[in-house]
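Undergrad:
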Amino acid sequence: MTTTDPAGSRLPLEGIRVIDAATVIAAPYSATILSEFGAEVLKVENPIGGDPMRYFGTPSRRKDTLAWLSEARNKKSVTLDLHLPEGVELFKQLIEKSDVLCENFRPGTLEKWGLGWEVLREINPGLIMLRVTGYGQTGPYRDRPGFARVAHAVGGIAFLAGMPRGTPVTPGSTTLGDYLTGLYGCIGILMALRHRERTGQGQYIDAALYESVFRCTDELAPAYGMFGRIRERHGPNHNDFACPHGHFPTKDDGKWVAISCVTDKLFERLAMAMGRPELAAAHVYGDQKTRLENRHDVNEIVRDWCGSLHRDDLLNRCFAAGAPAGPLNSIADIFGDRQFHARRNLVAIDEQDIGETVIVPSVLPRLSVTPGRIKHLGPRLGQHTDEVLSDLLGLAADEINELRKKRVI
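With the sequence shown counted from 1, adding 1298 to any position gets you our numbering.
(1) Please report the straight-line C-alpha distance between residue 1501 and residue 1486, rounded to a whole angstrom.
(2) Short of 7 Å in beta carbon distance, which residues of its chain neighbour residue 1321, apart from the five on each side in sequence? Order them along the chain.
(3) How far does the alpha helix (DSSP H) with residue 1468 in it extend, from its first residue to its last?
(4) How many angstroms separate the CA atom of residue 1372 from the CA atom of residue 1449?
(5) Is the beta carbon of residue 1328 sitting closer than 7 Å to the one on residue 1514?
(6) Please list, in chain order, all residues of the same chain as residue 1705 whose beta carbon is under 7 Å from its beta carbon, the five residues on each side excluded.
(7) Got a sec? Which residues, its chain only, sit under 8 Å from residue 1324 by beta carbon, not counting five neighbours each side?
(8) In angstroms, rounded to a whole number, what distance separates the CA positions of residue 1679 and residue 1392?
(9) Tell me, please, which residues DSSP counts as bridged to residue 1644.
(10) Taking the straight line between their C-alpha atoms, what separation do you get for residue 1382 and residue 1707?
(11) Within the segment 1502-1533, note down every full alpha helix (DSSP H) run reaching 4 residues or more, in order along the chain.
(12) Let me confirm a value: residue 1575 is counted as buried when at least 16 other C-beta atoms fall within 10 Å, else exposed. Which label applies?
(13) What is the rounded straight-line gap between the Cα of residue 1523 and the Cα of residue 1552?
(14) For residue 1441 and residue 1319, what's the separation of their Cα atoms in angstroms?
(15) Can you list, in chain order, the residues of its chain with a C-beta nearer than 7 Å to that of residue 1269? Leave out the 5 residues immediately preceding and following it.
(16) Taking Cβ to Cβ, would you say residue 1546 is nearer than 7 Å to residue 1604?
(17) Cutting at 8 Å between CB atoms, please list the residues of its own chain near residue 1384, excluding the five before and the five after it.
(18) Could you tell me which of 1334, 1614, 1437 sits nearest to residue 1625, measuring between CA atoms?
(19) Considering only residues of the same chain and omitting the five flanking positions on each side of residue 1397, which have a CB-CB separation below 6 Å?
(20) Okay, do the segment 1644-1658 and the segment 1592-1606 touch, 3+ Cβ pairs below 8 Å being the bar?
(21) Do the CB positions of residue 1370 and residue 1354 come within less than 7 Å of each other?
(22) Once the 5 residues before and after residue 1462 are set aside, which same chain residues still bring their CB inside 8 Å of it?
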């Protein structure tokens, strides 16, 4: 069946088949994005337990977690034990009929099973293979286990998170590095598909968690290389380039706002919102250089003002003056936020075997003609094994039953 958007156009990745043999988030996230835009994704899982992501987070009524339901959306679950010769042979047959493979085993694991890059590209010269690891396929750290929290540390952003001279804290989400790497992986796959269109040649993408994190550190590298400058933790206020530029508590208990005055004009607007336009005078704090030199005083003035107002009142004053401010949203705030509803950032999906509605983040990026879609949430373990082995590989029912008896599937 042709996958279409509501307007009837074919989705851009219609006809692309992806094997997702990876686990948890990074490489599987790449496959999920591809599935949302028309690719058929076969989620290859071990028959015993499947992807550990099934057990991370809050269990649903079906026992799979909400994280699995959200992140394994649109995929077909096929169980296959790659430790067994029959499983390896079936995997090779799937590779022959596919376009993309996503994997995140430690370097050398697939090679040990007889499924390394050299073997697979002989089977399918046009294959595109995304290989996600903690440190990449090369280098002295290649054999170390990789996790997003460790990648945040090695890549340089965890060092920056926390209060000055205090304990470094988790920079937002413990899985940020996984999602970043999944995005880079998806970009790599799309570029490799474009190259294959021109040449017929496949290739592999070597993605490392720590590299994805490090790539998002703006001028850390050139500032240290040129001046030996090491950026330190600033707490809720980032004061190297702009002031005020940080998080400030409001009169409401536990409610904060973010304010970002990266130009003099924006500070002038904030001063107007505060009812203190004199602060933006040239001889006071109207110049960014002056504000940075007096950052403690400026932040104290802004902090006192924020602390004197309820958050909604404060934000309305900023919006009226065109000052750059926004709430620090909890997920409860997000569910009540008009912008999220207007943009349909939250999607309610009804799954029969779960027995309740599951709300998940919507598809990104937004395409005007061929927007992506969520067809279903994460599948049950092995839900599509028989379908794929029968329809795609041509196995008869008795052959499939025999494989199941041997615990190959």
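Every residue gets a Cβ at the ideal spot worked out from N, C-alpha and C, and that includes glycine.
In this text, all values refer to a predicted model and were calculated from it rather than measured experimentally.
TA: Walking through what the data contain:
(1) 10 Å
(2) If we look at residue 1321 and ignore the five residues flanking it on each side, its Cβ neighbours are 1349, 1350, 1351, 1402.
(3) Premise fails: residue 1468 is in no alpha helix (DSSP H) and is neither H nor E.
(4) Cα to Cα, the separation comes out at about 28 Å.
(5) no
(6) Result list for residue 1705: 1345, 1379, in chain order.
(7) 1402, 1430, 1446, 1475, 1476, 1477, 1479, 1480, 1483, 1505, 1507
(8) So the alpha carbons of these two residues sit roughly 18 Å apart.
(9) 1659
(10) 10 Å
(11) 1507-1512, 1518-1525
(12) exposed
(13) Between residue 1523 and residue 1552, the alpha-carbon positions lie close to 40 Å from each other.
(14) Straight-line measurement puts the Cα of residue 1319 at about 19 Å from the Cα of residue 1441.
(15) Outside the shown range of the chain (1299 to 1707) lies residue 1269, about which nothing can therefore be said.
(16) yes
(17) 1701, 1704, 1706
(18) 1614
(19) 1314, 1315
(20) no
(21) no
(22) 1530, 1531, 1532, 1533
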